[in-house]
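These notes concern the structure reproduced below.
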Amino acid sequence: MAKDYFINEGIKSDRVLVIDENGKQMGVLLTKDAVNHALLRSLDLVEVSPGAQPPVCKIMDYGKHKYKLTRKERSAKKQSRVKTSIQKTKEVKFKTRTGDNELDWKIKQVKKFLSKGNKVKITVLFRGREITHPELGMNVLKTVRDSLLDEAILESPPGMSGNILSMTLMPPSNKINKG
């Protein structure tokens, strides 16, 4: 979280180098005099560099300063989260008896996901006794894979898991459009 600073009477040094709220140096003052200067302006004296000789203190609104630091930290966290989650896995579901028009429409969706840089998991759901004919699902996956030869790379080959047959496609690195 935000760094904790010594403020006002919490400053342990006898003499401090003071910088006013406009950034101008006021010189080396006794700590109690510097605190009085800050309080007269309804501000705080904040020790910003305790390791210096004498310690450097700045006259500022500490609450406002702390708020700005937390906002900056939040936006940095948000940016790092966005950068790490660029590639998502989308899923497009088919059935063994998916019609030609629906198949074409879903393939267009897969192409759209791939062009945005997302991985796509293609699943074929078997219902009831359809599970006894896995070749029907393999035909659907083969049709999808053949229509996406230029747009996708096979990341994981077709595999059966319960009543679901699935494979994962990923975009080739040279075909990604951000948009």
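Residues in the sequence shown are numbered from 55 upward in steps of one, following the working numbering. Here a beta-carbon is modelled for each residue, glycine too, at the ideal position from N, C-alpha and C. Please read these numbers as outputs of a predicted model, since none were measured by experiment.
What span of residues does the beta strand (DSSP E) with residue i cover, start to end?
i, result
"Gln-107", "Per DSSP, Gln-107 belongs to no beta strand (DSSP E) and is neither H nor E."
"Lys-144", "143 to 149"
"Gly-213", "207 to 215"
"Ser-220", "218 to 224"
"Thr-177", "173 to 179"
"Arg-69", "69 to 73"
"Gly-77", "Gly-77 -> no beta strand (DSSP E), and no H or E assigned at all."
Output the distance between the C-alpha atoms of residue i and residue j, rounded to the nearest integer angstrom.
i, j, result
"Thr-124", "Asp-68", "30 Å"
"Thr-150", "Ser-129", "46 Å"
"Val-102", "Lys-112", "7 Å"
"Phe-148", "Ser-134", "35 Å"
"Gly-182", "Asn-217", "9 Å"
"Val-89", "Glu-63", "7 Å"
"Val-100", "Gly-77", "13 Å"
"Glu-193", "Val-178", "A quick correction: the sequence has Asn, not Glu, at residue 193. In a straight line, the C-alpha of Asn-193 is about 10 Å away from that of Val-178."
"Lys-142", "Phe-167", "9 Å"
"Gln-163", "Asn-155", "13 Å"
"Trp-159", "Tyr-59", "60 Å"
"Glu-205", "Arg-199", "10 Å"
"Gly-153", "Pro-226", "28 Å"
"Val-115", "Ala-92", "Position check: residue 115 holds Asp in this sequence, whereas Val was assumed. Each residue's alpha carbon lies about 9 Å from the other."
"Ile-161", "Lys-175", "12 Å"
"Ile-61", "Lys-165", "58 Å"
"Arg-95", "Gly-105", "26 Å"
"Val-146", "Glu-189", "19 Å"
"Met-55", "Gly-117", "Because Met-55 sits at a pLDDT of 44, beneath the cut-off of 50, its placement in the model cannot be relied upon, and the point is left open."
"Ile-73", "Ser-169", "54 Å"
"Lys-66", "His-119", "21 Å"
Taking C-alpha atoms, which residue in the options lies nearest to residue i?
i, options, result
"Leu-219", "Leu-97, Val-164, Lys-196, Ser-227", "Lys-196"
"Ile-185", "Met-214, Ile-73, Lys-142", "Met-214"
With 16 as the cutoff for other CB atoms within 10 Å, does residue i come out buried or exposed?
i, result
"Asp-98", "buried"
"Val-82", "exposed"
"Tyr-121", "exposed"
"Pro-211", "exposed"
"Lys-132", "exposed"
"Lys-126", "exposed"
"Lys-173", "buried"
Assuming residue i contacts residue j under a Cβ cut-off of 8 Å, what Cβ separation, rounded to an integer in Å, is found between them?
i, j, result
"Phe-180", "Gly-191", "6 Å"
"Pro-108", "Leu-71", "5 Å"
"Leu-208", "Leu-223", "6 Å"
Ends of the alpha helix (DSSP H) at residue i?
i, result
"Ile-161", "154 to 169"
"Arg-183", "Arg-183 -> no alpha helix (DSSP H), and no H or E assigned at all."
"Glu-63", "Taken as a continuous stretch (DSSP letters only), Glu-63 belongs to no alpha helix (DSSP H), as it is neither H nor E."
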